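Numbering (our numbering), first residue to last: 803 to 1346.
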């Protein structure tokens, strides 16, 4: 009984932590527009400080600021619809004390954003509305978005560092904190969809006072990253990057699995699936594919795109409006991106496609996962580990003998920059563990865990960059295929020579007389003695 009570207490603590994490993330999404509006006001403030002659040279800027506000509104419109479609895996209405140190006491006021009273009123006043999707013209959508304006953030994050939060789980859901996977069942309504929901934050979610937090700007920056990642995975403009990263992986899978039975398709796992495009493409090749993702930021968005988009090009975002640096022209900065470039539900996925929410180590270290996967594909993933050795060990365990591991990506090590002088970390906030290895060490560890290298090359690529920017960050990504060695089979030692056994049965003259027949009785007797001798021999051998 004591153990059961302890388990229940532990489970309750985990649920509370998950609710807190979800509230913080949803608050960050809901604060996107407010943070972006604060940026525009800062631009306007700087413009007003210019001399009259300088203002005359930059007379177009006030118009640009208004265009930025319109772009912010359209991005906010997408975010609100996405949050409305999200079905939390836990009861968000629970009365939980949210006075967390990370949100109240230890967050510098200069690095936080409070929800203003006007924004709270806007959130609370938004009601359900439905319209015929086919009747919503671009003008209507624009007018609607202009009428709904929360307000909008600052810095840019130009790396792939979006894997440090909890997760959810085609249908992208999890039914509890442990990360149980729900299979994707194609919703026929997705393709026929006669109705769509517009600007519809859930009353239960948006009226929740627990979401009125001091949101760290770093959280709002993660929302901006998600908007850029949407372009990378689901917009036409992201095709070049997908061709650089995903296409080699897909071609390698096709080469290694030339025959893919529809009755028993090969099973492929994609840890760090992000917004789900690579996992969907693998599914479309005829693999029973499962994506795994840890970040709620990612999972909320991927769930919306995979399950709730109704047509290609249905949505519009402005991914580059949050940074005025290295801009060639205002038109480049204000250019839109339409998504998705394909309709996921009509893409031809293999039955059983799923997304599993949860930490890779916690979910796939379970004994039920051992030896169940034909292939594991890691793309910009292994450097998200606290301990990359643990990742490699688990990948080896979950693959079948002869299974394939395809890896693509750099070694950025996302937790490497968490370190600093011990004094800056309060006792309640210990430093994150981070094991950073060279590529040679990563491969050596892989060989230790039973992998053989079959193919390796370096691929020059980018990650979620603005291809029209004056600054371009590039990776020289490691791309390899490794195969898990079958278990080593050590045959038993050869049985002793007959000459050494027979003297136990017959005199030497029998052995030297070829014409002497072996009677049935003697042959049987010989067999029994040989068996006994061999057992004894093996017994002695086993103790040596």
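Positions of the beta carbon are idealized from the N, C-alpha and C atoms, including for glycine.
Bear in mind the structure is a predicted one, so any value in this text is a computation, not a measurement.
Roughly how many angstroms separate the alpha carbons of residue 1078 and residue 821, rounded to a whole number? Translated into the one-based positions of the chain shown, residue 1078 becomes position 276. Translated into the one-based positions of the chain shown, residue 821 becomes position 19. The straight-line gap from Cα to Cα measures roughly 24 Å.
Residue range of the alpha helix (DSSP H) that residue 1106 falls in? If you number the chain shown from 1, residue 1106 lands on position 304. First-last of the alpha helix (DSSP H) with residue 1106: 1098-1110.
Have a look at residue 1112 and residue 1036 and give me their C-alpha separation to the nearest angstrom. Indexing the chain shown from 1 puts residue 1112 at position 310. Indexing the chain shown from 1 puts residue 1036 at position 234. Between residue 1112 and residue 1036, the C-alpha separation is close to 14 Å.
My output table needs one value for residue 1061: the three-state DSSP class, helix, strand or coil. Counting from 1 along the chain shown, the entry for residue 1061 is found at position 259. The answer is coil: DSSP assigns residue 1061 none of H, G, I, E or B.
Which word fits residue 1244, buried or exposed, when buried means at least 16 other C-beta atoms lie within 10 angstroms of its C-beta? Residue mapping note: residue 1244 aligns to position 442 of the chain shown, counting from 1. With 16 or more Cβ atoms within 10 Å of its Cβ, residue 1244 is classed as buried.
Local Cβ density within 10 Å of residue 1169, reported as buried at 16 or more and exposed below that: In the chain shown, the residue the question calls residue 1169 occupies position 367. By the 10 Å Cβ count, residue 1169 comes out exposed.
What first and last residue would you give for the alpha helix (DSSP H) that runs through residue 1183? In the chain shown, counting from the first residue as 1, residue 1183 sits at position 381. No alpha helix (DSSP H) contains residue 1183, which DSSP labels as neither H nor E.
Beta carbon of residue 1264 nearer than 8 Å to that of residue 1216: Along the chain shown, one-based indexing puts residue 1264 at 462. Along the chain shown, one-based indexing puts residue 1216 at 414. Contact flag unset, no.
Within 8 Å, strictly: CB atoms of residue 1094 and residue 1155: Position 292 of the chain shown, counted from the start, is the residue given in the question as residue 1094. Position 353 of the chain shown, counted from the start, is the residue given in the question as residue 1155. No, the Cβ-Cβ distance between residue 1094 and residue 1155 is not below 8 Å.
Alpha carbon to alpha carbon, how far is residue 1199 from residue 1164? Give it in angstroms, no decimals. Within the chain shown, residue 1164 is the residue found at index 362, counting from 1. Within the chain shown, residue 1199 is the residue found at index 397, counting from 1. Their Cα atoms are separated by approximately 13 Å.
What does residue 1095 pair with, by DSSP beta-bridge criteria? Reading the chain shown from its first residue, position 293 is the one you call residue 1095. Answer by DSSP bridge pairing, in chain order: 1159.
Return the first residue and the last residue of the beta strand (DSSP E) that residue 862 is part of. Within the chain shown, the letter at position 60 stands for residue 862. Run containing residue 862: none; DSSP gives neither H nor E here.
Less than 8 Å between the CB atoms is what I'm expecting for residue 1152 and residue 1088, so what's the real figure, rounded? By one-based count along the chain shown, residue 1152 stands at place 350. By one-based count along the chain shown, residue 1088 stands at place 286. Contact flag correct, Cβ pair sits at about 6 Å.
What are the start and end residues of the beta strand (DSSP E) that includes residue 1290? Position 488 of the chain shown, counted from the start, is the residue given in the question as residue 1290. Careful: residue 1290 lies outside any beta strand (DSSP E) and carries neither H nor E.
Go ahead and label residue 1218 buried or exposed: buried means 16 or more other beta carbons lie within 10 angstroms of its beta carbon, across all protein chains shown. Sequence index remark: in the chain shown, residue 1218 carries index 416 (1-based). Exposed, because fewer than 16 other Cβ atoms sit within 10 Å of the Cβ of residue 1218.
How far does the alpha helix (DSSP H) with residue 1241 in it extend, from its first residue to its last? Counting from one through the chain shown, the residue named residue 1241 turns up at place 439. Annotation for residue 1241: the continuous alpha helix (DSSP H) segment containing it runs 1241-1250.
My understanding is that residue 1284 touches residue 1256, with C-beta atoms under 8 Å, so please give their C-beta distance in whole angstroms. Within the chain shown, numbered from 1, the residue matching residue 1284 stands at position 482. Within the chain shown, numbered from 1, the residue matching residue 1256 stands at position 454. With a Cβ gap of about 6 Å, residue 1284 and residue 1256 count as contacting.
Hey, could you find the ends of the beta strand (DSSP E) residue 1070 is sitting in? Locating residue 1070 in the chain shown gives position 268, counting from the first residue. Residues 1069-1073.
Residues near residue 1273 by beta carbon distance below 7 Å, same chain, minus five either side: By one-based count along the chain shown, residue 1273 stands at place 471. Within the same chain, residue 1273 has close Cβ partners 1128.
Under 8 Å, with one C-beta from each stretch per pair, do the region 850-861 and the region 870-882 reach the 3-pair mark? No: fewer than three Cβ pairs fall under 8 Å.
Name the one or two DSSP bridge partners that residue 1257 has. Position 455 of the chain shown, counted from the start, is the residue given in the question as residue 1257. For residue 1257, which the question treats as bridged, DSSP gives the partners 1283.
Whole angstroms are fine: how far does the CA of residue 1190 sit from the CA of residue 1235? Counted from its first residue, the chain shown places residue 1235 at position 433. Counted from its first residue, the chain shown places residue 1190 at position 388. Spanning the alpha carbons of residue 1235 and residue 1190 requires a straight line of approximately 11 Å.
Suppose the cutoff is 7 Å on Cβ atoms and the five residues either side in sequence are ignored; what does the same chain contact list for residue 1053 look like? Locating residue 1053 in the chain shown gives position 251, where the first residue counts as 1. Excluding sequence neighbours, residue 1053 sits near nothing in its chain.
According to the neighbour-count rule (16 or more other Cβ atoms, all chains shown, within 10 Å of its Cβ), is residue 1291 buried or exposed? The count along the chain shown starts at 1 and reaches residue 1291 at position 489. Here residue 1291 is exposed, its C-beta having fewer than 16 other C-beta atoms within 10 Å.
Where residue 1276 falls: helix, strand or coil (DSSP): Here residue 1276 corresponds to residue number 474 of the chain shown, with the count starting at 1. Secondary structure at residue 1276: coil, using DSSP grouped into helix, strand and coil.
Can you tell me whether residue 817 is helix, strand or coil according to DSSP? The residue labelled residue 817 in the question sits at position 15 within the chain shown. Looking at residue 817 - three-state DSSP - the assignment turns out to be helix.
With a threshold of 16 other CB atoms inside 10 Å of the CB of residue 1066, please say whether the residue is buried or exposed. Start at 1 with the first residue of the chain shown, and residue 1066 comes out as number 264. Residue 1066 is exposed by the Cβ-count criterion.
For the region 1095-1106 against the region 1057-1064, are there 3 or more C-beta pairs whose distance is under 8 Å? no
Pull up the distance between the alpha-carbon of residue 1051 and that of residue 1123, whole angstroms please. Residue numbering aside, residue 1051 sits at position 249 when the chain shown is read from its first letter. Residue numbering aside, residue 1123 sits at position 321 when the chain shown is read from its first letter. Residue 1051 and residue 1123 have their C-alpha atoms some 32 Å from each other.
Beta-carbon proximity check, residue 830 vs residue 1025, cutoff 8 Å: Walking along the chain shown from the start, residue 830 turns up at place 28. Walking along the chain shown from the start, residue 1025 turns up at place 223. Yes, they are a contact pair.
Member of 1143, 1276 and 1023 whose CA lies at the smallest distance from the CA of residue 1214: One-based indexing of the chain shown puts residue 1214 at position 412. Its Cα nearest to that of residue 1214, the residue 1276 stands out among 1143, 1276 and 1023.
Please name the residue in 881, 1085, 1184 and 1202 whose C-alpha comes closest to that of residue 1173. Within the chain shown, the letter at position 371 stands for residue 1173. It is 1202 whose Cα lies nearest to the Cα of residue 1173.
In three-state terms, what does DSSP make of residue 1306? Within the chain shown, numbered from 1, the residue matching residue 1306 stands at position 504. Here the model assigns residue 1306 a pLDDT of 46, short of 50, so the residue's position is not dependable, and the following value carries that caveat. In the three-state DSSP reduction, residue 1306 falls in the helix class (H, G or I).
Measure the C-alpha to C-alpha separation of residue 849 and residue 1120 and round it to an integer number of angstroms. The residue given as residue 849 occupies position 47 in the chain shown. The residue given as residue 1120 occupies position 318 in the chain shown. Approximately 23 Å, taken between the alpha carbons.
Would you identify the three-state DSSP class for residue 822, choosing helix, strand or coil? Numbered from 1 along the chain shown, position 20 holds the residue referred to as residue 822. Per DSSP, reduced to three states, the secondary structure at residue 822 is helical.
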